[in-house]
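In the working numbering, the protein residues as written are 4 to 605.
In structure tokens:
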């Protein structure tokens with residue numbers, strides 16, 4: 004039995020390992036999200052509005068971290084009066100303080116009998132007037148402080164909740180051990196399959212071992228690094244990266260036809276050159292992962308213990324279009340990839356659009372940390388329109404198909420503007436039609452997609468070959484190293500899901516989707532538990548961006564939607580993408596540790 008036959012048998016072990024890890028993480032993520040939703044429905048502790056109901060009767064009204072007030076039945080506090088707008092005002096908490104703001108320009112809101120037109124801070128015993136209703140804001144913390152008493156009920160409640168989660172949640176050590184077993188088996192197979200050059204194997208073991216070791220170290224120390232360190236989120240991203248290392252190592256180091264030809268011809272110099280090129284390709288991916296992991300602790304600490312992200316939102320709004328303009332001027336790669344998105348830095352290249360997505364999402368979270376007034380919404384629409392126009396001109400259709408749904412999702416959830424969202428959808432359809440007419444690359448993508456099942460042409464050949472690879476893999480795959488990726492264009496990047504499904508099978512393909520769902524569920528948990536609007540909207544945007552990007556890639560590979568050129572997060576070749584995704588994971592891990600304490604920090 005040779006190593007390739009052994010790989011065919013080991014595929015059963017691979018499928019079992021990854022399926023068990025995926026399902027166990029999914030069950031835990033769903034369970035904890037349910038707990039989080041139940042916990043988030045409680046009002047803020049120690050804060051409320053007193054309302055005089057007449058006849059000497061006073062009612063205490065609970066405040067949530069975002070409390071809508073108006074005539075509509077969907078508001079948290081409803082006022083039955085014709086002079087009150089359907090959505091009149093919002094009382095919200097940000098950075099440990101409470102504010103009130105009119106929801107539309109014509110809404111009359113008074114604080115201590117003084118009209119307010121923008122966000123106004125509320126202090127204990129402030130009088131809030133909305134139409135015929137008068138309220139008094141009560142801050143029990145302030146009252147306790149004046150009396151010289153300690154007030155810790157709210158923090159105690161949160162601590163008790165998270166301690167209960169820790170008691171009822173099993174640390175995913177078993178899943179972590181299975182991930183390491185998968186990494187060990189995959190590395191062993193690749194090590195035996197690759198060319199027998201000593202330096203070749205030494206470099207592979209050194210870099211791969213460093214990456215796996217750093218992942219294991221983070222998993223073990225994460226709860227010590229930050230309070231309530233989210234191991235489920237980290238492990239889902241880590242398992243995707245380990246799968247990515249296995250498939251990228253196989254594509255770079257196993258089965259090179261050029262290397263085999265050089266060996267058969269006895270050209271030792273050519274053999275050495277090809278070997279160096281192959282290991283360099285794999286090392287580039289590994290170096291990006293190592294940089295991402297090295298920066299992870301810093302990103303976690305900054306996003307969990309400071310308000311740095313909130314302080315740079317304006318800068319992010321400026322930097323986002325500048326990064327795209329810089330790419331448009333200096334970008335390279337249009338000849339080989341159809342879009343000049345890469346900035347050359349010596350022997351390396353950087354894709355600035357990957358980092359522009361992050362700055363865009365930070366700015367987006369700032370705009371919709373609470374329900375913005377109409378003027379702010381119009382300003383955001385103009386700014387976002389410029390960003391999307393630049394993306395279309397690059398062209399970067401993949402980023403458009405990722406950021407547009409994320410923007411709509413954050414907008415509708417954070418504002419509840421359902422009618423406006425429908426109009427935006429209609430506008431997006433009109434813009435899409437114009438893009439099809441104006442931009443040839445958009446037209447080619449659509450035409451290739453619509454002709455996918457009728458003919459094979461230059462526009463859809465890539466997808467056809469990818470579907471054939473998925474079909475060859477069947478349920479359990481052909482085994483690591485036994486696939487036929489050579490004839491598929493951009494097999495390491497755009498079509499990586501097809502290669503993964505061919506060698507590992509559709510079982511692991513589905514497991515990859517489950518890991519991405521786990522990341523989304525953990526980001527939703529952060530969203531519902533967040534104690535300020537910025538944290539909530541940023542976590543929602545970041546988690547949705549990773550999931551939607553994955554859907555765009557897998558949908559394009561399987562023919563469900565047009566191919567866009569986006570890459571599968573954590574798995575596809577692309578150092579910039581991998582680094583950016585680990586920066587996102589770092590931000591999410593930091594946001595997850597904020598909770599009530601983070602809301603009180605200034």
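We put the CB at the ideal spot given by N, CA and C, even for glycine. Just so it is clear, the structure is predicted and the values come from calculations on it, not from any experiment.
Quiz prompt | Buried versus exposed call for residue 124 [16 or more other C-beta atoms within 10 Å across all chains shown] | solution = In the chain shown, counting from the first residue as 1, residue 124 sits at position 121. Flag for residue 124 reads exposed.
Quiz item: residue 463 and residue 474: beta carbons closer than 7 angstroms?
Solution: One-based indexing of the chain shown puts residue 463 at position 460. One-based indexing of the chain shown puts residue 474 at position 471. No. Outside cutoff.
Quiz prompt | Anticipated Cβ contact below 8 angstroms, residue 511 with residue 480, distance rounded | solution = Locating residue 511 in the chain shown gives position 508, counting from the first residue. Locating residue 480 in the chain shown gives position 477, counting from the first residue. For residue 511 against residue 480, the beta-carbon gap comes to about 7 angstroms, under 8 angstroms, which counts as contact.
Practice problem: Taking only the alpha-carbon atoms, compute the straight-line gap between residue 217 and residue 116 and give it to the nearest angstrom. | Solution: Numbered from its first residue, the chain shown carries residue 217 at position 214. Numbered from its first residue, the chain shown carries residue 116 at position 113. Their Cα atoms are separated by approximately 59 angstroms.
Exercise. Give the secondary structure of residue 498 by DSSP, where H, G and I count as helix, E and B as strand, and everything else as coil.
Key: Taking the chain shown and counting its residues from 1, one reaches residue 498 at position 495. Residue 498: coil per DSSP, three-state reduction.
Quiz item: What does residue 62 pair with, by DSSP beta-bridge criteria?
Solution: Translated into positions along the chain shown, residue 62 becomes position 59. 54.
Self-check item: Candidates 306, 519, 493 and 539: closest to residue 528 by CA position
Solution: Counted from its first residue, the chain shown places residue 528 at position 525. When each option's Cα is compared against that of residue 528, the closest is 539.
Self-check item: At least three beta-carbon pairs within less than 8 angstroms, the stretch 38-53 to the stretch 242-254
Solution: No contact exists between the stretch 38-53 and the stretch 242-254.
Self-check item: Inter-stretch contact (C-beta, 8 angstroms, three-pair minimum) for the stretch 540-554 and the stretch 405-412
Solution: Per the Cβ contact rule, the stretch 540-554 is in contact with the stretch 405-412 (3 or more Cβ pairs under 8 angstroms).
Self-check item: Local Cβ density within 10 Å of residue 91, reported as buried at 16 or more and exposed below that
Solution: Stepping through the chain shown from its first residue, residue 91 is reached at position 88. Taking all protein chains in view, the Cβ of residue 91 is crowded by 16 or more other Cβ atoms within 10 Å, so the residue is classified as buried.
Quiz prompt | Straight-line Cα distance separating residue 448 from residue 568 | solution = On the chain shown, residue 568 is found 565 positions in, with the first residue counted as 1. On the chain shown, residue 448 is found 445 positions in, with the first residue counted as 1. Rounded to the nearest whole angstrom, the CA to CA distance from residue 568 to residue 448 is 10 angstroms.
Practice problem: Work out the CA separation of residue 518 and residue 486 for me, nearest whole Å. | Solution: Here residue 486 is taken as the residue at index 483 of the chain shown, counted from 1. Here residue 518 is taken as the residue at index 515 of the chain shown, counted from 1. Cα to Cα, residue 486 sits roughly 23 angstroms from residue 518.
Exercise. Establish whether the CB of residue 571 and some CB of chain D are separated by less than 7 angstroms.
Key: Any reference to chain D falls outside this structure, which holds one protein chain only.
Exercise. Report the three-state DSSP secondary structure of residue 219 (helix, strand or coil).
Key: By 1-based counting over the chain shown, the position of residue 219 is 216. In the structure shown, residue 219 sits in a helix (DSSP, three-state: H, G or I).
Practice problem: Can you say whether residue 345 is buried or exposed, counting buried as having 16 or more other CB atoms within 10 angstroms of its CB? | Solution: Translated into positions along the chain shown, residue 345 becomes position 342. By the Cβ-count criterion, residue 345 is buried, with 16 or more other Cβ atoms from all chains shown falling within 10 Å of its own Cβ.
Quiz item: Out of 289, 446, 234 and 588, which has the shortest C-alpha to C-alpha gap to residue 566?
Solution: Along the chain shown, read from residue 1 onward, the residue named residue 566 stands at position 563. The candidate whose alpha carbon is nearest that of residue 566 is 446.
Quiz prompt | For residue 571, the nearest candidate out of 563, 562, 564 and 584 (CA to CA) | solution = On the chain shown, residue 571 is found 568 positions in, with the first residue counted as 1. Ranking 563, 562, 564 and 584 by Cα distance to residue 571 puts 584 first.
Exercise. Please report how far the alpha carbon of residue 607 lies from the alpha carbon of residue 589, in whole angstroms.
Key: Outside the modelled stretch of the chain, which goes from 4 to 605, sits residue 607, for which no answer is possible.
Practice problem: State the CB to CB distance for the pair residue 432 and residue 472, rounded to an integer number of angstroms; the pair is presumed to be in contact (CB under 8 angstroms). | Solution: The count along the chain shown starts at 1 and reaches residue 432 at position 429. The count along the chain shown starts at 1 and reaches residue 472 at position 469. The C-beta distance from residue 432 to residue 472 rounds to 33 angstroms, too long to meet the 8 angstroms contact threshold.
Practice problem: Counting only the same chain and skipping the five closest in sequence on each side, list residues whose C-beta sits under 7 angstroms from that of residue 406. | Solution: Residue 406 sits at position 403 when you count from the first residue of the chain shown. Once the five neighbours on either side are set aside, the close Cβ partners of residue 406 are 360 and 363.
Quiz item: With C-beta atoms as the reference, is residue 76 less than 7 angstroms away from residue 143?
Solution: Looking up residue 76 in the chain shown gives position 73. Looking up residue 143 in the chain shown gives position 140. No. Outside cutoff.
Quiz item: If you scan the stretch 277-349 from start to end, which runs of the beta strand (DSSP E) of 3 or more residues do you find wholly inside it?
Solution: Whole beta strand (DSSP E) segments, 3+ residues: 346-348.
Exercise. Check whether the stretch 15-29 touches the stretch 173-189, taking contact to mean three or more Cβ pairs, one atom from each stretch, closer than 8 angstroms.
Key: Counting Cβ pairs under 8 angstroms, three or more are found: they touch.
Quiz item: Which runs of the beta strand (DSSP E) spanning at least 3 residues fall entirely within the stretch 75-128, listed in chain order?
Solution: Segments of the beta strand (DSSP E) lying fully in the stretch 75-128: 92-97, 100-105, 112-114, 117-119 and 123-125.
Quiz item: Buried or exposed: which applies to residue 121, given that a residue is buried once 16 or more other Cβ atoms fall within 10 Å of its Cβ?
Solution: Your numbering for residue 121 matches position 118 in the chain shown. Within a 10 Å sphere around the beta-carbon of residue 121 sit fewer than 16 other beta-carbons, which makes this residue exposed.
Exercise. Please list, in chain order, all residues of the same chain as residue 309 whose beta carbon is under 6 angstroms from its beta carbon, the five residues on each side excluded.
Key: Within the chain shown, the letter at position 306 stands for residue 309. Nothing meets the Cβ criterion.
Quiz item: Three or more beta-carbon pairs under 8 angstroms between the stretch 205-216 and the stretch 290-300, yes or no?
Solution: These segments touch.
Practice problem: Would you mind giving the Cβ-Cβ distance between residue 97 and residue 372, rounded to the nearest angstrom? I have them listed as a contact below 8 angstroms. | Solution: To locate residue 97, count along the chain shown from 1; it is residue 94. To locate residue 372, count along the chain shown from 1; it is residue 369. With 8 angstroms as the limit, residue 97 and residue 372 qualify as a contact, their Cβ atoms being about 7 angstroms apart.
Practice problem: Taking 7 angstroms as the cut-off, decide whether the C-beta atoms of residue 232 and residue 223 are in contact. | Solution: Translated into positions along the chain shown, residue 232 becomes position 229. Translated into positions along the chain shown, residue 223 becomes position 220. No, Cβ-Cβ distance for residue 232 and residue 223 is not below 7 angstroms.
Quiz prompt | Separation of residue 253 from residue 286, as counted between CA atoms | solution = Taking the chain shown and counting its residues from 1, one reaches residue 286 at position 283. Taking the chain shown and counting its residues from 1, one reaches residue 253 at position 250. Looking at the two C-alpha atoms, the distance is approximately 13 angstroms.
Exercise. Could you tell me if residue 60 is buried or exposed, where buried requires 16 or more neighbouring beta carbons within 10 angstroms of its beta carbon?
Key: Mapped onto the chain shown, residue 60 falls at position 57. Exposed, by the Cβ-count rule.
Self-check item: Straight-line Cα distance separating residue 434 from residue 106
Solution: Residue mapping note: residue 106 aligns to position 103 of the chain shown, counting from 1. Residue mapping note: residue 434 aligns to position 431 of the chain shown, counting from 1. So the two alpha carbons sit approximately 29 angstroms from each other.
Quiz prompt | residue 70 - DSSP class collapsed to helix/strand/coil | solution = Translated into the one-based positions of the chain shown, residue 70 becomes position 67. Strand at residue 70.
Quiz item: Less than 7 angstroms separating the beta-carbons of residue 73 and residue 88?
Solution: Counting from one through the chain shown, the residue named residue 73 turns up at place 70. Counting from one through the chain shown, the residue named residue 88 turns up at place 85. Yes, they are a contact pair.
Quiz item: Can you give, in chain order, each stretch of the alpha helix (DSSP H) that sits fully within the stretch 355-408 and has at least 4 residues?
Solution: Qualifying alpha helix (DSSP H) stretches, in chain order: 355-370 and 377-396.
Quiz item: Taking DSSP as the reference, what is the three-state secondary structure of residue 16?
Solution: Position 13 of the chain shown, counted from the first residue, corresponds to residue 16. DSSP places residue 16 within a helical segment (H, G or I) once states are collapsed to three.
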